[in-house]
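Student: Protein sequence lines correspond, in order, to chains R and Y. Add 26 to a position in the first sequence, counting from 1, and you land on the number used in our numbering. Add 220 to a position in the second sequence, counting from 1, and you land on the number used in our numbering. Have a look at the structure that comes next, please.
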Amino acid sequence: MADRAEQQITLPAKPPFWNDPKTRAIAFQVIALVLTVGFGLYIFDNTQTNLRRLGIASGFDFLGSPSGFDIIQTLIPYSASSSYGQVFWVALLNTLLVALLGVILATLLGFVIGVARLSKNWLIAKLALLYIEIFRNIPLLLQIFFWYFAVLRAMPAPRQSLSLGDAIFLNIRGLYLPAPEFKTGFGWVLAALAVALGLIFAIARWARRRQMATGQPFPMLATALALLLGLPLLAFVLAGAPLHWQLPELRGFNFQGGWVVIPEMASLLLALTVYTAAFIAEIVRAGIQAVSHGQTEASFSLGLNTGLTLRLIILPQALRVIIPPLTNQYLNLTKNSSLAAAIGYPDLVATFAGTTLNQTGQAIECIAITMAVYLSISLLISLLMNIYNRRMALVER
Amino acid sequence: MSATHVPHPDLPPPSSTIGALGWLRRNLFSSPLNVALTVLAVYLLAISLPPMLRWALFDATWSGDSREACTANSGACWIFIKVHFGQFMYGFYPEAQRWRVDAVVLLLIIGAAPLFISSVSNPLKVRLGLGLLLLYPLLAFMLLHGGLFGLTPVDTRQWGGLLLTLVIAGVGMTAALPLGVLLALGRRSKMPAIQTLCVTFIEFWRGVPLITVLFMSSVMLPLFLPTGMNFDKLLRALIGVTLFQAAYMAEVVRGGLQAIPKGQVEAAAALGLGYWKTMALIVLPQALKLVIPGIVNTFIALFKDTSLVLIIGLFDLMNIVHSATTNPAWLGFSTEGYVFAAAVYWLFCFSMSHYSQSLEKRLHTGHKR
């Protein structure tokens, strides 16, 4: 016992300070920050020098000066004497328009093809696979060019337009559709629609409460459809059919009246839809396959029918898998709509980061504004996505 | 005397459930809905396939070397592709020097071939792969650009066609992967400053479209550089594409890093491995293997995105095909041009995705559920 006490306990020598993880971490971070800030300052200084040398005044004053160019598609009033600030809004709306339409169409097409991919019908499943493998492996820009230069630019002149029932015309100038003209009294139809929506909401609440209390189901879907279609139709007939379709008509060398989809918009929309739908189809397939078959069997054994199983058991679980990558595709579609610049569709990149930049020379401001717009859209959507994810995430034990 | 029961031999399955007939019944005509779908699909194929085949094959012009040869037939004019083929592959690379491009491709095939042969041992493969990764770009650049060893210099402005597409894709892939791994490690780091820097970088590049990045690299980058210093247009595009794809790669790699259980890092620490050794020897090999599909998807996306350099006036495959279709001497053949370009892009992307699937199967070590 005694000799053991005599043994000197020597603590291992403290490691030198440069081997201490804490010191190291601080040192690394300081170095990284200094390098980043230094690099930023260096670029800022270079830019200042270059701008002074080139005689470019920086700042956002140019947004107030008149633009002097026309835009082929404007959703808000715009003329060549409008300011660059208005160019920005016109361009932004054009981007949002094509992105919104693209998202809707690509989702519809993508879901159809995704379900077809899982079809028990061999031919349908193979055709869906063929579609997916072809369209997702070809660059989007190439697809846009194909639709624009090889298909729509090769359409006949207005006099030889392809037509569908003398109401829809397709020629080199674009796609001409009948435009609705609302007469006085159409407000009644809208009012009826609002009443129908309110009634559906109320009935749905009542039906749910009744089912909770008594277990008796209510044919909600049929009721809702009947109300949604019936009430506005009734109002429409009673108000004396206050809707008139204005057909496009050939006058001189071009069509007048109706709605026109310019070929740039049509080809961009077509390519975005076809391309993104191929990705959405794969996401939908993966989502449906992610729900194990046991869930369906369990649901059947509880006595739910096919429709209820799909609505209450399969879809909620599949959507949990589908929605995050689906939003990602929506985001991609929005960013991909910037390829419009290559065929001259007047979107944000073509008109603002392109024409405006070239006319004013304000490279930094134009690109910064354009990037900021896309960045805010992305961040906004990923914020919403995170909130959704937190709500939908599996709560385990 | 008791009779032994002799069971009747099994009846053969009904003839309608086996063979071709059974297959048809099971897969095409199993229910009224399926019958309708099959009829619809066959009808669609019947009206769309014959005209397409007639255009592409039967009524197409294959021989001849002038535009006039195409007037006789109503189908595709593949002479357009034949005449422009050299341009589509090499761009404006001088014809006498094109052997250098061939040599570069051949070198890559010879160098990379042992990596795909299973009898070559793994350590040798790693050494060969690293050597290839470090030496080959230098060699390829020297051969392509010239100016040394008596090779005529060929300016990057003359590079084009598939060559340029492959250069951008190749450089983008080899640079984006390591950069992406570093960014992913930075994003998972416990040091707040480094983490913030990496998150900002990644979210910024992922939030903007590539086209604005290319715009930026072509109009803003010259403003950022000190007076008198200027980058080649190709280099500017390369920087933009690499930074952009590195951000996407970082997110893919992060997914893999998050999937590695904490016990792996703790076990490595218990064995006395430092941070870099833990990452390089324990975590990354497992993480990267998990995310092979994601990495290849990023590569495919990058390959397709190279077509965007058209916006800043580089003549990659896409742009050179497009400009050939606008050539006044060969107007009216844009469909042929785009179909050809699409076929080339498709071939590369499709084979990449199939290779990734086979790689996934080979590397999977039984942890997959």
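Just so it is clear, CB atoms sit at the ideal spot from N, CA and C, and this is done for glycine as well.
Verify the CB distance criterion: does R/K361 have a CB-CB separation below 9 Å to chain Y?
Tutor: Start at 1 with the first residue of the first sequence, and residue 361 of chain R comes out as number 335. At least one chain Y Cβ lies under 9 Å of R/K361.
Student: Going along chain Y, which residues have a C-beta under 7 Å from R/M397?
Tutor: The sequence position of residue 397 of chain R within the first sequence is 371, counting from 1. The answer, in chain order, is V428, T432.
Student: Please state whether the Cβ-Cβ distance between R/I164 and Y/K453 is less than 9 Å.
Tutor: What you label residue 164 of chain R is simply residue 138 of the first sequence in a count that begins at 1. What you label residue 453 of chain Y is simply residue 233 of the second sequence in a count that begins at 1. No, these two residues do not count as a Cβ contact at 9 Å.
Student: Name, going along the chain, the residues of the stretch 116–149 of chain R whose beta-carbon falls closer than 8 Å to a beta-carbon of chain Y.
Tutor: Cβ contacts with chain Y: S145, K146, N147, W148, L149.
Student: Using a 10 Å radius around the Cβ and a threshold of 16 neighbouring Cβ atoms, would you call R/K361 buried or exposed?
Tutor: Along the first sequence, read from residue 1 onward, the residue named residue 361 of chain R stands at position 335. By the 10 Å Cβ count, R/K361 comes out buried.
Student: How is the alpha helix (DSSP H) around R/Y157 delimited, first residue to last?
Tutor: Position 131 of the first sequence, counted from the first residue, corresponds to residue 157 of chain R. Here the alpha helix (DSSP H) through R/Y157 covers 148–161.
Student: Between Y/Y558 and R/F171, how many whole angstroms is the CB-CB distance? I'm expecting something under 8 Å.
Tutor: Here residue 558 of chain Y is taken as the residue at index 338 of the second sequence, counted from 1. Here residue 171 of chain R is taken as the residue at index 145 of the first sequence, counted from 1. So it is a contact: roughly 6 Å between Cβ atoms.
Student: Is it buried or exposed, Y/A296, if we count other Cβ atoms within 10 angstroms and call 16 or more buried?
Tutor: For the purposes of this step, residue 296 of chain Y is identified with residue 76 of the second sequence, where counting begins at 1. Answer is buried; the Cβ neighbour count reaches 16.
Student: Bridge partners of Y/Y468, per DSSP?
Tutor: Within the second sequence, the letter at position 248 stands for residue 468 of chain Y. In the DSSP output, where bridge partners are listed per residue, Y/Y468 has none listed.
Student: Thinking C-beta only, is R/T249 closer than 9 Å to R/I229?
Tutor: Counted from its first residue, the first sequence places residue 229 of chain R at position 203. Counted from its first residue, the first sequence places residue 249 of chain R at position 223. Against a cut-off of 9 Å, the Cβ pair of R/T249 and R/I229 comes out as a contact.
Student: For R/A379 and R/I340, what's the separation of their Cα atoms in angstroms?
Tutor: Position 353 of the first sequence holds residue 379 of chain R. Position 314 of the first sequence holds residue 340 of chain R. R/A379 and R/I340: Cα-Cα distance of roughly 45 Å.
Student: By Cβ distance below 7 Å, which residues in the same chain neighbour Y/G475 in space, the five residues on each side in sequence not counted?
Tutor: For the purposes of this step, residue 475 of chain Y is identified with residue 255 of the second sequence, where counting begins at 1. Once the five neighbours on either side are set aside, the close Cβ partners of Y/G475 are V511, G514.
Student: Buried or exposed for R/S424, please, with buried defined as at least 16 other CB atoms from any protein chain shown within 10 angstroms of its CB.
Tutor: The shown model of chain R, from 27 to 423, leaves out residue 424 of chain R, and the question about it has no answer.
Student: Quick check: what's the CA-CA separation for R/V221 versus R/R235?
Tutor: Translated into the one-based positions of the first sequence, residue 221 of chain R becomes position 195. Translated into the one-based positions of the first sequence, residue 235 of chain R becomes position 209. If you take the alpha carbons of R/V221 and R/R235, they lie about 21 Å apart.
Student: Counting along the chain, where does the beta strand (DSSP E) carrying R/N354 start and finish?
Tutor: Taking the first residue of the first sequence as 1, we reach residue 354 of chain R at position 328. No beta strand (DSSP E) holds R/N354; the alpha helix (DSSP H) holding it covers 341–362.
Student: Mind checking whether R/R16 and R/A307 have CB atoms under 9 Å apart?
Tutor: Beyond the ends of chain R as shown, which are 27 and 423, falls residue 16 of chain R; an answer cannot be given.
Student: With three or more C-beta pairs closer than 8 Å as the rule, is the stretch 380–395 of chain R touching the stretch 427–447 of chain Y?
Tutor: Enough Cβ pairs lie closer than 8 Å, so yes.
Student: With a CB to CB cut of under 8 Å and the five nearest residues on each side skipped, what residues in its chain are close to R/R162?
Tutor: Walking along the first sequence from the start, residue 162 of chain R turns up at place 136. Correct list, in chain order: Y301, A304, F305, E308.
Student: Step through the CB atoms of chain R and report whether any lies within less than 9 Å of the CB of Y/C290.
Tutor: Taking the first residue of the second sequence as 1, we reach residue 290 of chain Y at position 70. Chain R, which has no Cβ nearer than 9 Å to the Cβ of Y/C290, makes this no.
Student: Any Cβ of chain R within less than 9 Å of the Cβ of Y/T526?
Tutor: Counted from its first residue, the second sequence places residue 526 of chain Y at position 306. Cβ-Cβ to chain R under 9 Å: yes for Y/T526.
Student: Can a CB atom of chain Y be found closer than 9 Å to the CB of R/N163?
Tutor: Within the first sequence, residue 163 of chain R is the residue found at index 137, counting from 1. So yes, R/N163 belongs to the interface.
Student: Helix, strand or coil, according to DSSP, for R/A28 in the structure here?
Tutor: For this step, residue 28 of chain R is matched to residue 2 along the first sequence. In this prediction, R/A28 scores a pLDDT of 49, lower than 50, which makes its location untrustworthy; the coordinate-derived value is nonetheless stated afterwards. Looking at R/A28 - three-state DSSP - the assignment turns out to be helix.
Student: Using a Cβ cut-off of 9 Å (strictly closer), state whether R/M27 contacts chain Y.
Tutor: In the first sequence, counting from the first residue as 1, residue 27 of chain R sits at position 1. With a pLDDT of 48 at R/M27, under the threshold of 50, the predicted position of this residue should be treated as unreliable, though the coordinate-derived value follows. So, not an interface residue.
Student: Helix, strand or coil, according to DSSP, for R/G266 in the structure here?
Tutor: Against the first sequence, residue 266 of chain R aligns to sequence position 240. R/G266: coil per DSSP, three-state reduction.
Student: Of the choices R/V317, R/A132, R/L178, R/W173, whose alpha-carbon is the least far from that of R/I158?
Tutor: Walking along the first sequence from the start, residue 158 of chain R turns up at place 132. R/I158 has its Cα closest to that of R/A132, out of R/V317, R/A132, R/L178, R/W173.
Student: I want to verify the contact list: residues of chain R whose CB lies under 7 Å from the CB of Y/A261, in sequence order.
Tutor: To locate residue 261 of chain Y, count along the second sequence from 1; it is residue 41. Residues of chain R passing the Cβ test: L149, I150, L153.
Student: What in chain R is Cβ-close to Y/Y565, meaning under 8 Å?
Tutor: Residue numbering aside, residue 565 of chain Y sits at position 345 when the second sequence is read from its first letter. The answer, in chain order, is N163, I164, P165, L168.
Student: Based on Cα-Cα distance, which residue from Y/I414, Y/L403, Y/G366, Y/L260 lies nearest to R/Q55?
Tutor: As a working note, residue 55 of chain R is residue 29 in the first sequence. Nearest option by C-alpha distance: Y/I414.
Student: Could you compute how far the alpha carbon of R/P38 sits from the alpha carbon of Y/G400?
Tutor: Translated into positions along the first sequence, residue 38 of chain R becomes position 12. Translated into positions along the second sequence, residue 400 of chain Y becomes position 180. Taking the straight line from one Cα to the other gives about 40 Å.
Student: I'd like the span of the alpha helix (DSSP H) that includes R/N45, first residue to last.
Tutor: The sequence position of residue 45 of chain R within the first sequence is 19, counting from 1. Counting along the chain, R/N45 falls outside any alpha helix (DSSP H), and DSSP gives it neither H nor E.
Student: Are R/I198 and R/L294 touching if we call contact CB-CB under 9 Å?
Tutor: The residue you call residue 198 of chain R lines up with position 172 of the first sequence. The residue you call residue 294 of chain R lines up with position 268 of the first sequence. No. Outside cutoff.
Student: Hey, R/L153 and Y/A404 are a contact pair by Cβ (cut 8 Å); roughly how many whole angstroms apart?
Tutor: Locating residue 153 of chain R in the first sequence gives position 127, counting from the first residue. Locating residue 404 of chain Y in the second sequence gives position 184, counting from the first residue. Not quite, the Cβ-Cβ distance comes to about 39 Å (not below 8 Å), so this is no contact.
Student: Y/L358 by DSSP, collapsed to three states: which one?
Tutor: Here the question's residue 358 of chain Y lines up with position 138 in the second sequence. Helix.
Student: Under 9 Å between C-beta atoms, does R/S404 make it to chain Y?
Tutor: By one-based count along the first sequence, residue 404 of chain R stands at place 378. So, interface residue.
Student: Give a yes or no on whether the minimum CB-CB distance between Y/I414 and chain R is below 9 Å.
Tutor: Here residue 414 of chain Y refers to the residue found at position 194 when the second sequence is read from its first residue. Taking Cβ atoms only, chain R reaches closer than 9 Å to Y/I414, which makes this a yes.
Student: According to DSSP, simplified to helix, strand and coil, what is R/Y371?
Tutor: Here residue 371 of chain R is taken as the residue at index 345 of the first sequence, counted from 1. In this structure, R/Y371 counts as coil in the three-state DSSP scheme.
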